[in-house]
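What follows is a set of notes on a single structure, which appears directly below.
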Amino acid sequence: MYDIKALYEAHSVDEAIKLRLEHPDAQILAGGSDVLVQIREGKRAGKELISIYMIDDMRGVTLCDNGDIRIGSLTSFSHITKNEIIQKYINVLGEAVDMVGSPQIRNIGTIGGNTCNGVTSADSASTLFALDALVELTGENGKRVVPIADFYIKAGVVDIKPDEIQTAIIIPKEKYTDYYGHYIKYAMRNALDITTTGCSVNVKLSEDKKTFLDVRIAYGVAGPVPMRAKSAETYIKGKSVSEENIKEFSNAVLEDVNPRDSWRASKALRQHLCVELAYRAIKECVSLAGGEL
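Mind the numbering: the sequence shown is residues 529 to 821 in this note's numbering, read in order.
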């Protein structure tokens, strides 16, 4: 049994906003793969819940007229992985969310729920950081869009106002065009395990495939929230595609990452993983982009 005080079900974004205002302490329920577990553990026992699961307008992946990719916040991980738009333009995101939990969890879990949790280990988060994603929030005064790096405030806390719900994730066209991405999740098991450290890289090469025009690298569990390694990005930009530069790039991530000690892994191990995963991920990106080393 679940210790729930009340359950309200919204069938539209407007209704969800109205319920948020009427019940300011209520917890939003999307897929429920995290919230219901937390209730059973007692962490959210006795809570009011606002279910947004029936709002079909918040599902699906759309290629907008301006080329931006819009992902409804209630889109499940399974649908993201299998979506043709995702596979064609940002397959790295499909690969990343395909590493979440089990098939059952991926069928019910949503990208909105994954990001709104505000946890650093979310498999979608580091890849969305590396894609420079935008977060669409809808409230009683309309929509606002914030960069995903600003959306995460601190561990477990995101920038959602009392009247708002997250309605979409947006990937701007210029952030994915001619970029090739790769995500690596390191965990003790191949499935059903929380990320020890996750690394996502996006690479844009010159036309002759010999120069790094741009590189974006982001991590999960390298700090209290998902984060970019800007020092490494600055180092590699404009450099030639070479083994030496890739090694320097990988070592440069240590200037930014600040992983913690935990029972899952020591800080030293996570620092080592940050370097090694950066090295492997950028090499795979170079290969995907048609470059050679």
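For each residue, glycine too, the CB sits at the ideal point set by N, CA and C.
Exercise. Would you give the residue range spanned by the beta strand (DSSP E) that Leu733 belongs to?
Key: For Leu733, the enclosing beta strand (DSSP E) starts and ends at 725 to 733.
Exercise. Whole angstroms is fine: what's the gap from Ala806's alpha carbon to Leu656's?
Key: Computed Cα separation, rounded: 16 Å.
Exercise. State the CB to CB distance for the pair Ile676 and Ser601, rounded to an integer number of angstroms; the pair is presumed to be in contact (CB under 8 Å).
Key: Not a contact, Cβ separation roughly 13 Å.
Quiz prompt | Test item: CB-CB of Leu621 and Ile614 under 7 Å | solution = Yes, these two residues count as a Cβ contact at 7 Å.
Self-check item: Residue span of the beta strand (DSSP E) that contains Gly667, given as start and end
Solution: Going by DSSP, Gly667 is part of the beta strand (DSSP E) stretching over 662 to 667.
Practice problem: Classify Val685 as buried or exposed, calling it buried when 16 or more other Cβ atoms lie within 10 Å of its own Cβ. | Solution: Of the other Cβ atoms in all chains shown, fewer than 16 fall within 10 Å of the Cβ of Val685; this residue is therefore exposed.
Quiz item: Contact check, Val749 vs Arg798 under 8 Å by CB: the rounded distance?
Solution: The pair is a contact, with the Cβ atoms about 7 Å apart (cut-off 8 Å).
Quiz item: Are the segment 687 to 702 and the segment 764 to 777 in contact at 8 Å, needing three or more beta carbon pairs?
Solution: At 8 Å Cβ cutoff, the stretches do not touch.
Practice problem: Enumerate in chain order the residues of its own chain whose CB-to-CB distance from Gln555 is below 8 Å, with the five nearest sequence positions on each side excluded. | Solution: Sequence-distant partners of Gln555 (beyond 5 residues in either direction) whose C-beta falls short of 8 Å from its own C-beta, in its chain, are Val563, Arg572, Lys575, Glu576, Leu577, Ile578.
Practice problem: Could you spell out the range, first to last residue, of the beta strand (DSSP E) harbouring Tyr680? | Solution: Run containing Tyr680: 680 to 682, per the beta strand (DSSP E) assignment.
Quiz prompt | DSSP-derived helix/strand/coil call for Ser579 | solution = Reduced to three states, the DSSP call for Ser579 is strand.
Exercise. State the start and end residues of the unbroken beta strand (DSSP E) segment that holds Leu535.
Key: Leu535: member of the beta strand (DSSP E) spanning 532 to 537, first to last residue.
Self-check item: Buried versus exposed, by CB contacts within 10 Å (16 or more), Thr762
Solution: It counts as exposed.
Quiz prompt | Ile698 in three-state terms, based on DSSP | solution = Of the three classes helix, strand and coil, the one that applies to Ile698 here is strand, per DSSP.
Quiz item: Hey, out of Lys616, Ser540, Thr609, whose CA is closest to Met582's CA?
Solution: Residue Ser540 is the option with its Cα nearest to Met582.
Self-check item: Start-end ranges of the alpha helix (DSSP H) lying completely within the segment 554 to 608, minimum 4 residues
Solution: The qualifying runs are 563 to 569.
Practice problem: Compute the Euclidean distance between the alpha carbons of Asp596 and Ser561, then round it to the nearest angstrom. | Solution: Straight-line Cα distance between these residues: approximately 29 Å.
Quiz prompt | Stretch pair the segment 664 to 676 + the segment 540 to 552: three plus CB contacts closer than 8 Å | solution = In short, these stretches touch, since the Cβ pair count reaches three.
Exercise. Note down, in chain order, each residue of its chain lying with its Cβ closer than 7 Å to the Cβ of Lys738, except the 5 sequence neighbours on either side.
Key: The beta carbon of Lys738 sits closer than 7 Å to the beta carbons of Ser768, Val769 from its chain, once the five residues preceding and following it are set aside; these are given in chain order.
Quiz item: What residues match up with Asp742 in a beta bridge as DSSP calls it?
Solution: DSSP output for Asp742 lists Lys732 as bridge partner(s).
Quiz item: With DSSP run on the structure shown, which of helix, strand or coil describes Tyr704?
Solution: Shown here, Tyr704 sits in a helix according to DSSP, grouped into three states.
Quiz item: Within this structure, are the beta carbons of Leu801 and Tyr747 separated by less than 7 Å?
Solution: One thing to note: Leu801 has its Cβ no nearer than 7 Å to the Cβ of Tyr747.
Quiz item: How far does the beta strand (DSSP E) with Gly670 in it reach, from first residue to last?
Solution: Segment 670 to 675, the beta strand (DSSP E) holding Gly670.
Practice problem: With DSSP collapsed to three states, give me the class of Val686. | Solution: Three-state DSSP puts Val686 in a strand.
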